[in-house]
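Enquirer: Numbering (the numbering used here), first residue to last: 557 to 1036. Glycine included, each C-beta is placed from N, C-alpha and C at the ideal position. On a predicted model such as this, the values are computed, not experimentally measured, just so you know.
1) Along the chain, which unbroken stretches of the beta strand (DSSP E) at least 3 residues long are found entirely within the segment 743–821?
2) Between residue 906 and residue 655, how many whole angstroms is the CB-CB distance? I'm expecting something under 8 Å.
3) For residue 842 and residue 815, which I take to be in contact (beta-carbon distance under 8 Å), what is that distance rounded to the nearest angstrom?
4) When you compare each of 899, 869 and 810 to residue 671 by their alpha carbons, which one comes out closest?
5) Return the Cβ separation of residue 991 and residue 955 in integer angstroms, given the expectation that the two are a contact with Cβ distance under 8 Å.
6) Give the DSSP-derived three-state secondary structure of residue 696 in the structure shown.
7) Exposed or buried, what is residue 719 when buried is set at 16 or more other beta-carbons lying within 10 Å of its beta-carbon?
8) May I ask you to verify whether the segment 579–597 touches the segment 980–987, counting CB pairs closer than 8 Å and requiring at least 3?
9) Taking the continuous alpha helix (DSSP H) assigned at residue 729, which residues delimit it?
10) Where does residue 603 fall in DSSP's three states?
11) Going along the chain, which unbroken runs of the alpha helix (DSSP H) with 4 or more residues stay wholly within the segment 612–692?
12) Determine, using beta carbons only, whether residue 810 and residue 772 come nearer to each other than 8 Å.
13) Under 8 Å: do the segment 740–748 and the segment 719–730 share three or more Cβ pairs, one atom per stretch?
14) Determine the burial state of residue 782: buried for a count of at least 16 other Cβ atoms within 10 Å of its Cβ, exposed for fewer.
15) Take the Cβ of residue 697 as the centre, count every other Cβ of all protein chains shown within 10 Å, and call the residue buried at 16 or more, exposed below.
16) Could you tell me the alpha carbon to alpha carbon distance between residue 678 and residue 817, rounded to whole angstroms?
17) Compute the distance between the beta-carbons of residue 791 and residue 703, then report whether it is under 8 Å.
18) Rounded to whole angstroms, how far is the Cβ of residue 987 from the Cβ of residue 632, which I believe are closer than 8 Å?
19) Should residue 823 go down as buried or exposed, given a rule of 16 or more other Cβ atoms within 10 Å for buried?
20) If you pair each beta-carbon of the segment 827–838 with each one of the segment 615–626, do three or more pairs fall below 8 Å?
21) Please report how far the alpha carbon of residue 634 lies from the alpha carbon of residue 881, in whole angstroms.
22) Here's a check: name, in chain order, each residue in its chain whose Cβ is nearer than 7 Å to the Cβ of residue 879, leaving out the five neighbours to either side.
23) Rounding to the nearest angstrom, what Cα-Cα distance links residue 949 and residue 617 in this structure?
24) In the DSSP assignment, find the unbroken alpha helix (DSSP H) run with residue 911 in it and report its ends.
25) Kindly identify the DSSP beta-bridge partner or partners of residue 900.
26) Whole angstroms are fine: how far does the CA of residue 691 sit from the CA of residue 840?
27) Can you name, in chain order, every residue of its own chain whose Cβ lies under 7 Å from the Cβ of residue 663, other than the five neighbours on each side?
28) DSSP three-state label for residue 564, please.
29) For residue 1000, which three-state DSSP category applies?
30) Just to confirm, is the Cβ distance from residue 1000 to residue 1014 under 8 Å?
31) Short check: CB of residue 710 to CB of residue 730, under 8 Å?
32) Using 8 Å as the Cβ pair cut-off and three pairs as the minimum, do the segment 763–772 and the segment 924–942 touch?
33) To the nearest angstrom, how far is it from the Cα of residue 1023 to the Cα of residue 985?
34) In the DSSP assignment, the beta strand (DSSP E) including residue 992 goes from what residue to what residue?
35) Using three-state DSSP, classify residue 892 as helix, strand or coil.
36) Identify the continuous beta strand (DSSP E) that holds residue 714 and give its terminal residues.
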């Protein structure tokens, strides 16, 4: 069994195995003609269940053959131009190469004596990101597993900085279009069910600052403690960007921690054309960024940044066997002192290799392309009488609804849109997402692939209309 351990004696075995795996994936990418096969859970589950994990195949080539049947054949491929659903991006090659390196070396980014140069690379990237945001010379941060963890850590710091004598008095303000992780974080942080105040949005799905001002004033008059305002730079449903300068001014007026969830919109930090859309982010006390959304990085690659490095002390615990307190005085850089995680992958290497290969402008150009594509898609939808489109895109998301000419029942239109999405997924021809707007079912394109063209959008709109019309025709037949 030692022949499977990666070391100097097995380097050649490692090279052959990884090369074979890479060749299989490369062949799959080159020949995939649609984003999904349409396989159902009922069809695939028995194939997986039939595998006896206590009877190993003993050979990686045989395992790769088996993997074709249980995963590779039916995977959802985000690189395909007609994958238009969630916030999943195609990934850049330098980052994939970095994955191979970091997995093989297997550094753990909790302490210096487990990572050395990896620690310094992560710190350099945090400084680079903080400078792009404009947080100032005292800024710091740490890589995380994703936006949910980044938001949790930011709100933990905000809770501690609020210094409330009772958790029940704390309030968090976010918009109705904010991410669910804000409410989840409040629960994990021991706050009451009323702790999160969801503020109304305007017609562009942006937080209404008039409502925020009113709620902050009410908070003060009722003896409550405004713990944090969570502004969103790129909502999941709409890609909308809250009015950051106005929110920053209110946070300064009331002495409230300002957190910006820029998990989606962080790509604008590298944008060559649209950077001004997130002006005001530099006033934040903390910021969430997800490089695995708009920096075209593999999952996972996220970070939480803070204006004042001293606030990270609220996540610091010392263990004699790992990071004893004396190491702080010896100036030994242990990233675990800043992180909610202990053992942690060297995910920063992916962004490092990307920047050193493509540069920030290369990333920004790709993100600008999808933002411009969304604008073209919006024009298509706005001119198409079959569809109602909700808002002009701020980033690369389009939310719309098929509206048949001869059907007026909103519930029946809901069912037609739900059916169209399900039928499209089952066909494998394209993958789109869905959401609700004012209680009604809508469809959603999240455009993160620069290889997607306007023609792809038009073709998918025709497919959706065809499926919806089929449902409505069958529904009419059943009714008669």
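Expert: Reading off the structure:
1) 752–755, 781–788 and 813–818
2) Residue numbering aside, residue 906 sits at position 350 when the chain shown is read from its first letter. Residue numbering aside, residue 655 sits at position 99 when the chain shown is read from its first letter. Residue 906 to residue 655, Cβ: 6 Å. Contact.
3) In the chain shown, residue 842 corresponds to position 286, counting from 1. In the chain shown, residue 815 corresponds to position 259, counting from 1. Indeed they touch by this definition, with Cβ atoms about 5 Å apart.
4) Translated into the one-based positions of the chain shown, residue 671 becomes position 115. For residue 671, the nearest C-alpha among the options comes from 899.
5) Along the chain shown, read from residue 1 onward, the residue named residue 991 stands at position 435. Along the chain shown, read from residue 1 onward, the residue named residue 955 stands at position 399. Between residue 955 and residue 991 the Cβ distance is about 6 Å, and since that is below 8 Å, they are a contact.
6) On the chain shown, residue 696 is found 140 positions in, with the first residue counted as 1. If DSSP states are grouped into helix, strand and coil, residue 696 belongs with the strands.
7) Locating residue 719 in the chain shown gives position 163, where the first residue counts as 1. It counts as exposed.
8) yes
9) Along the chain shown, one-based indexing puts residue 729 at 173. Where residue 729 is concerned, there is no enclosing alpha helix (DSSP H), although the beta strand (DSSP E) it sits in stretches over 726–731.
10) Locating residue 603 in the chain shown gives position 47, counting from the first residue. Helix at residue 603.
11) 616–623, 649–661, 668–671 and 673–689
12) Indexing the chain shown from 1 puts residue 810 at position 254. Indexing the chain shown from 1 puts residue 772 at position 216. Contact: yes.
13) yes
14) Stepping through the chain shown from its first residue, residue 782 is reached at position 226. Buried, because 16 or more other Cβ atoms sit within 10 Å of the Cβ of residue 782.
15) By one-based count along the chain shown, residue 697 stands at place 141. Result: buried.
16) Position 122 of the chain shown holds residue 678. Position 261 of the chain shown holds residue 817. Cα-Cα distance, rounded: 20 Å.
17) Position 235 of the chain shown, counted from the start, is the residue given in the question as residue 791. Position 147 of the chain shown, counted from the start, is the residue given in the question as residue 703. In this structure, residue 703 does not lie closer than 8 Å to residue 791 by Cβ.
18) Counting from 1 along the chain shown, the entry for residue 987 is found at position 431. Counting from 1 along the chain shown, the entry for residue 632 is found at position 76. Residue 987 to residue 632, Cβ: 6 Å. Contact.
19) Taking the first residue of the chain shown as position 1, residue 823 is located at position 267. By the neighbour-count rule (16 or more Cβ atoms within 10 Å), residue 823 is buried.
20) no
21) Along the chain shown, read from residue 1 onward, the residue named residue 634 stands at position 78. Along the chain shown, read from residue 1 onward, the residue named residue 881 stands at position 325. Answer to the nearest angstrom: the Cα atoms are 45 Å apart.
22) Your numbering for residue 879 matches position 323 in the chain shown. Excluding sequence neighbours, residue 879 sits near 667, 890, 892 and 893.
23) Locating residue 949 in the chain shown gives position 393, counting from the first residue. Locating residue 617 in the chain shown gives position 61, counting from the first residue. Computed Cα separation, rounded: 46 Å.
24) Position 355 of the chain shown, counting from 1, holds the residue named residue 911. 904–939 is the extent of the alpha helix (DSSP H) around residue 911.
25) Within the chain shown, residue 900 is the residue found at index 344, counting from 1. Answer is none; residue 900 lacks a bridge partner.
26) Mapped onto the chain shown, residue 840 falls at position 284. Mapped onto the chain shown, residue 691 falls at position 135. Each residue's alpha carbon lies about 7 Å from the other.
27) Here the question's residue 663 lines up with position 107 in the chain shown. Taken in chain order, the residues that qualify are 670, 671, 674 and 902.
28) Here residue 564 refers to the residue found at position 8 when the chain shown is read from its first residue. Reduced to three states, the DSSP call for residue 564 is helix.
29) Locating residue 1000 in the chain shown gives position 444, counting from the first residue. Strand, per DSSP.
30) In the chain shown, the residue the question calls residue 1000 occupies position 444. In the chain shown, the residue the question calls residue 1014 occupies position 458. No, the Cβ-Cβ distance between residue 1000 and residue 1014 is not below 8 Å.
31) By one-based count along the chain shown, residue 710 stands at place 154. By one-based count along the chain shown, residue 730 stands at place 174. No, Cβ-Cβ distance for residue 710 and residue 730 is not below 8 Å.
32) no
33) Along the chain shown, read from residue 1 onward, the residue named residue 1023 stands at position 467. Along the chain shown, read from residue 1 onward, the residue named residue 985 stands at position 429. Going from the Cα of residue 1023 to the Cα of residue 985 covers about 12 Å.
34) Taking the chain shown and counting its residues from 1, one reaches residue 992 at position 436. Segment 987–993, the beta strand (DSSP E) holding residue 992.
35) What you label residue 892 is simply residue 336 of the chain shown in a count that begins at 1. In this structure, residue 892 counts as helix in the three-state DSSP scheme.
36) Here residue 714 refers to the residue found at position 158 of the chain shown. Residue 714 -> not in any beta strand (DSSP E); alpha helix (DSSP H) instead, spanning 703–718.
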